[in-house]
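Visitor: So the sequence lines, in the order shown, correspond to chains H and P.
Counting from 1, one number per residue, gives the positions in the first sequence under this note's numbering.
Counting from 410, one number per residue, gives the positions in the second sequence under this note's numbering.
Number of protein chains: 2
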Amino acid sequence: MTARDSKGKDASYINRLNKIEVLKLIRESEQLSRAAIVKRMGLSAPTVTRIVDCLIKDKLVIMTGEGDSTGGRPPKLLQFDGTHDFVIGIDLGSTTIRAAVSDLEGNFITEIEMQTDLEGGFEKICSQLVQVIRKLILRSKLDESQILGVGLAVAGLVNFENGMIAYSPVFNWKNVNLRTELSRHIALPIFYDNVSLVTALGELVHGVGKEYKNFICVNAGYGIGAGIIINGVPFYGNHGFAGEFGHLIVDSKNSYVGKGGLRGSLESLASGYGIAENAKRNIGAHKNSKILNKANGNLEEITAKIVVDCAKENDAFANDIFDVAMDCWGIGLDALIKLFDPEAIVISGGLTKSGEIFFKKLRENILKNEFKQLKNEVQILPSSFGVDATLIGALSLVISKVLQFEVKF
Amino acid sequence: MTARDSKGKDASYINRLNKIEVLKLIRESEQLSRAAIVKRMGLSAPTVTRIVDCLIKDKLVIMTGEGDSTGGRPPKLLQFDGTHDFVIGIDLGSTTIRAAVSDLEGNFITEIEMQTDLEGGFEKICSQLVQVIRKLILRSKLDESQILGVGLAVAGLVNFENGMIAYSPVFNWKNVNLRTELSRHIALPIFYDNVSLVTALGELVHGVGKEYKNFICVNAGYGIGAGIIINGVPFYGNHGFAGEFGHLIVDSKNSYVGKGGLRGSLESLASGYGIAENAKRNIGAHKNSKILNKANGNLEEITAKIVVDCAKENDAFANDIFDVAMDCWGIGLDALIKLFDPEAIVISGGLTKSGEIFFKKLRENILKNEFKQLKNEVQILPSSFGVDATLIGALSLVISKVLQFEVKF
DNA sequence: TTCAATTACTTGAAATACTGGACTTACTAT
DNA sequence: ATAGTAAGTCCAGTATTTCAAGTAATTGAA
C-alpha cells in the first residue's frame, strides 16, 4: 500500500484499477478475447469493450486475428503490444555501468557499457550516468518523447519514499539523493531502487512473474541480497530495507569475522567473496589441492569460480569449502521459506554459473532442514536472464510503472 | 490482496474503501471532526459528511460534543462507538478453551473457561466449542442478532483461503474443516486462523497497532510462532503458512534433535520446552544447581520457569542454560529484523513473564548481530495483554472484519 | 454593538464509471 | 435457408465522486 492508496479515491481510480487488471490479464495470457476477459474478471461486457478500446488507443494492445468459434461468432483475439514505447534501464555496478534502451516487451534496442569511475565520487558518477543516458537516446535514434523514463539498479539501502540512498558501501555514499541530481540534467522521469529488489521486479515483469506472485529473488554473487515480491508487489518493509538476506546469521558459532564486522553471516561464509576467503584462510594445510594450481600459486588469485571448478573435478579440499558454503545456503533459504512461505525462490548471480552442482546441493540442503508439512512445495529456480538479470530489472522498474499507468498517461 | 480484490471493481467498491479509511481514522484519533478528516484524507467535504452520516446510522460512530473554535464555527467531534455490537472470541488451547464475549471496543461482557478434551478427537472438540458458544450467548443475555461472529485462535497450519486446517500437531488434526463442522450447529459467521497470526491481529486492532503498521508478533511460550503484519494487513504467504518462526534454524551445529525431528531450531533450543529439555539433558554434571532443588529432585518436574527463576538468583548452571536460549533468540529476532525491516517486534507468551531479564538480554543479543546501518530502529516490546493476548486476538479476528465492512453490512 | 472574516458543515448540480438489457454482427448446425 | 449461439455495441439507469454555492456558528476588530 503506497501513499497514493491512503488518499481518498474517486471514480477514475476504479477505472484505473480495472485498466491495470485487464492489461495484466492480456499480458499474462498472450492471446485473449474480450469475452474471456468478461468471464475471468467479472466485469460487464460493455465495460470490458470500453477499457479495451482505451488500451488500443493507447497503443498498449493490438488485435491479432480471430480465434476458433465454439458455435457462434468467433472471438477477436487481443495481444499486449509493447513496441510503441521505450524505456531506459541502467545497472549501476561497482565496476561497470551497463545500460540499455528497450521497448515495453523487453527487447533491447541499444546497449552501452562503461567502466564505473569510483574515484570521482558522487558527482562523477552522476555525470557518467547523464552521459550514458544521452548516448543511449542518441544511438537508439528515438525521440526523447518516445522514452517513458529511466530506471536504475543501485547497490545499497534505498529509501523508496523520499528517494534517498541511505547508505551504499560500494560507492561510499551516505544520504545522497540521486534523483534530484540527475533531474537537473535529464528531463525524463527517474526511478531507482536496491539491486536485489530491482532484479526481483525484472523477474516479476518478464520472468517467472507470469507464473508466480509470491516469490523471492536471491542474488548469489560476490555479495548476497534478496528482493521479495508479495502478491505481485515489491515488499519494502518500514524503511525500504527489507530483504537484507546477506547479513543473516547462519553459523553463529563460526569464529571468522568477515568484512563489515559480520560474524557468521551468509555473505561472509557463502558468497563469492566468502567462498574465496574461506579457501584462502584454510589452504595452508592443503597445499596439494588443485585450487592453488589454478590460482597460479598465488593466494590472492583464488576466486569462488576456481573453488567451484575444482569441486566439480572432485578436489577434496575444494569440495569441503563448497559444502560448507552450501550448508549455509541451505539454512538461509530455509529461513526464507519458513518465514515467507513463497511459491518460488529465484536465484541469480555469479554462483549460479556453477550450474547443476549448485542447485542440486541447494535442494538437498533445504530438504535437510525442512518443515515436513511443507514438503517440496517451493520451486528453486535459476533466473531466466543470467548476467542481464539486473539490467532487465532496471528496465522493468519503468515498465512496471507504465503497466500501472503511473507514467505516460 | 484477497480474491475479492481481483474481481472487477465498481463505484460501491471505492465507497467501501473510503468508509473503511474514515472509520479507521476516527478509531485511531479518539476524537476527530469532519473537517480534520477532510484534511487528513484528501476527500471532499461533502463526501466526508455523507460517509460520516452513514457511519452514525450504522451505530459505529457517535457525536460527542463540540471542539474549541479557532475563529469559526466549532467542529462537532466524532468518536468511534463500539458498544452496540458484540463478538465472540475463543482461544482454543491444547489444555484450556478460553472464550469471551466483548463489544467492538474489546470490553469483556462474559468469560468462560473449560478444559480441552483432547481424548475425544475432532468431534468432541467441535461439540465443546458449540457448547461454549451457546453458553456465552446465554450468559451475556444478548440476542444472537447482536453478535456479529465467532473468532477462533487455533494452533496449527491454517489455510486461510479454504478454511482447512492443514495440520495441527497438538490436536493431531490433518486437513479438517472446522468451519463446515461448526456451521452445522451455529448460525453465526465463523472465522479462525493460526494462533500467532490471531495474536498479532489483536495487537493490530487493540494494541500497538495504533502506533505501528509494520510489526511482528512473536509468541514465546512452550512453543514458538510469529504473526506478521505488513502495512496494517496480516501476511499469509502462499498457503497461509508464513511466520513459521519456531522452526527457524539458529544453531545448525547443535547435535540435539528436538520433538518433530528438528535439529537446531529456535523452538527446540529456546522455547519453554527447549529450555526445560536443555536443563534436563545437562543437569547431570551440575547436581548442585538450585534447579534440581526447585524441581523436588525430580528431573521431569524441571520447567523453563524454574530455570529462569534460578537464573535470576544467579545460579551458574541456570544462567548458562538461559544464556544459550537467549543467544538463539537474538539470532532469530535478528533474522526477522533483517528480512522484514519491521517497526516493532511484540513478544507475548510465557517467557515474557521472566520480565526485564528476558527483554534486556534480548536487546543486547540483537545488537550483537545487528546490521550497523539500522541501529536501534526496531522497538522490542512486550505484548499489551499478557495471558489474554490470544483471546483478545480471537475477538479481534471478527472485529477486524466489522471494521472492514465484511460482516454486518 | 455590529459586521466582516474565518471555520465547519450541508445541499444541489455536473462529471465519471459501472451495470444490464436490447440490439447488431457473425458464424455454426441442421 | 433458417434457427441457434456467441461476440460485441449502444443506451438508459444507478451510484459515487467533486465542484460550487449556501448555511451555520463563532471570533475579533472597528
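Ideal Cβ placement from N, Cα and C applies to all residues, glycine included.
Please read these numbers as outputs of a predicted model, since none were measured by experiment.
#1: Would you mind listing the beta strand (DSSP E) stretches within the stretch 549-627 of chain P that are 3+ residues and don't spill past its ends, in chain order?
#2: K19 (chain H): buried (16+ other C-beta within 10 angstroms of its C-beta) or exposed?
#3: Which residues in the same chain as K770 (chain P) place their Cβ atom closer than 6 angstroms to its Cβ, once the five residues preceding and following it in sequence are excluded?
#4: Would the beta-carbon of D334 (chain H) fall within 8 angstroms of that of I658 (chain P)?
#5: For N319 (chain H) and G741 (chain P), I'd like the C-alpha separation in whole angstroms.
#6: When the Cα of N369 (chain H) is compared with those of P:S592, P:V733 and P:H656, which residue comes out closest?
#7: Mind checking who S102 (chain H) pairs with in its DSSP beta bridge?
#8: Relative to the C-alpha of V579 (chain P), which candidate in P:V563, P:G476 and P:R588 has its C-alpha closest?
#9: Excluding sequence positions up to five away, which residues of its chain have a Cβ less than 7 angstroms from the Cβ of L671 (chain P)?
#10: What do you reckon, are the CB atoms on E355 (chain P) and R543 (chain P) nearer than 8 angstroms?
#11: Considering Cα atoms alone, identify which of P:A694, P:G764, P:G681 and P:I715 is closest to C737 (chain P).
#12: What number of angstroms, rounded off, separates the C-alpha of D819 (chain P) from the C-alpha of L432 (chain P)?
#13: Mind reading off the beta-carbon distance from R482 (chain P) to T519 (chain P)? Whole number of angstroms is fine, and I expect it under 8 angstroms.
#14: Am I right that D315 (chain H) and I291 (chain H) are in contact with their C-beta atoms under 8 angstroms? What's the rounded C-beta distance?
#15: Which same chain residues end up closer than 7 angstroms to N365 (chain H) when comparing Cβ atoms and leaving out the 5 residues on each side of it in sequence?
#16: Pick out the complete beta strand (DSSP E) segments inside the stretch 4-92 of chain H, 3 residues or longer, and give them in chain order.
#17: Which residues in chain P sit within 7 angstroms of N238 (chain H), going by Cβ to Cβ distance?
#18: Could you tell me whether any Cβ in chain P is nearer than 8 angstroms to the Cβ of S252 (chain H)?
#19: Assuming L32 (chain H) and L104 (chain H) make a contact with CB atoms under 8 angstroms, what is their CB distance in whole Å?
#20: Looking only at its own chain, which residues have a Cβ that is under 6 angstroms from the Cβ of F385 (chain H), when we skip the five neighbours before and after it?
#21: Return helix, strand or coil for V402 (chain H), following the three-state DSSP convention.
#22: Going by C-alpha to C-alpha distance, which of H:L403, H:Y236 and H:A394 sits closest to F108 (chain H)?
#23: Can you say whether E244 (chain H) is buried or exposed, counting buried as having 16 or more other CB atoms within 10 angstroms of its CB?
#24: Using a beta-carbon distance cut-off of less than 8 angstroms, what residues from the stretch 421-434 of chain P approach chain H?
#25: If distances are taken between C-alpha atoms only, which option among P:A420, P:E752 and P:D660 comes closest to Y621 (chain P)?
#26: Give a yes or no on whether the minimum CB-CB distance between D419 (chain P) and chain H is below 8 angstroms.
#27: Identify the residues that DSSP records as bridge partners of V378 (chain H): which are they?
#28: Would you mind telling me which residues of chain H sit closer than 7 angstroms to E620 (chain P), beta carbon to beta carbon, in chain order?
#29: Should I740 (chain P) be flagged as near chain H, meaning a C-beta pair shorter than 8 angstroms?
#30: Excluding the 5 residues preceding and the 5 following E612 (chain P) in the sequence, name in chain order all residues of the same chain whose CB lies nearer than 6 angstroms to its CB.
#31: Give me the Cα-Cα distance between T505 (chain P) and D526 (chain P), rounded to the nearest whole angstrom.
#32: Flag E28 (chain H) as yes if its beta-carbon sits less than 8 angstroms from any beta-carbon of chain P, otherwise no.
#33: Assign K259 (chain H) to buried or exposed, taking buried as 16 or more other Cβ atoms, counted over all protein chains shown, within 10 Å of its Cβ.
#34: Output the distance between the C-alpha atoms of R40 (chain H) and L397 (chain H), rounded to the nearest integer angstrom.
#35: For S605 (chain P), which option in P:I808, P:V816 and P:S792 has the closest C-alpha, if you only look at C-alpha atoms?
#36: Report, in whole angstroms, the separation of the C-beta atoms of L60 (chain H) and D81 (chain H), which I expect to be a contact under 8 angstroms.
Guide: In this structure, then:
#1: You should have 556-563, 573-577, 582-586 and 599-603.
#2: buried
#3: M735
#4: yes
#5: 29 angstroms
#6: P:H656
#7: H:V87 and H:F108
#8: P:V563
#9: H656 and S677
#10: In this structure chain P extends from 410 to 818, so residue 355 (chain P) is not present and cannot be described.
#11: P:G681
#12: Shown here, chain P extends from 410 to 818; a query on residue 819 (chain P) therefore has no answer.
#13: No, R482 (chain P) and T519 (chain P) are not in contact; Cβ-Cβ is about 44 angstroms, not under 8 angstroms.
#14: 7 angstroms
#15: M326, D327, W329 and G330
#16: You should have 61-66, 76-80 and 86-92.
#17: N623, D750, P751 and E752
#18: yes
#19: With 8 angstroms as the limit, L32 (chain H) and L104 (chain H) do not qualify as a contact, their Cβ atoms being about 17 angstroms apart.
#20: I392
#21: helix
#22: H:A394
#23: buried
#24: Y422, I423, L426, N427 and E430
#25: Comparing Cα-Cα distances from Y621 (chain P) to each of P:A420, P:E752 and P:D660, the minimum goes to P:E752.
#26: yes
#27: In DSSP, V378 (chain H) forms no bridge with anything.
#28: Residues of chain H passing the Cβ test: none, with the nearest at roughly 12 angstroms.
#29: yes
#30: G618, C626 and V755
#31: T505 (chain P) and D526 (chain P) have their alpha carbons spaced roughly 9 angstroms apart.
#32: no
#33: By the 10 Å Cβ count, K259 (chain H) comes out exposed.
#34: 27 angstroms
#35: Nearest of P:I808, P:V816 and P:S792 to S605 (chain P), Cα basis: P:S792.
#36: Rounded, the Cβ-Cβ distance is 6 angstroms, consistent with contact.
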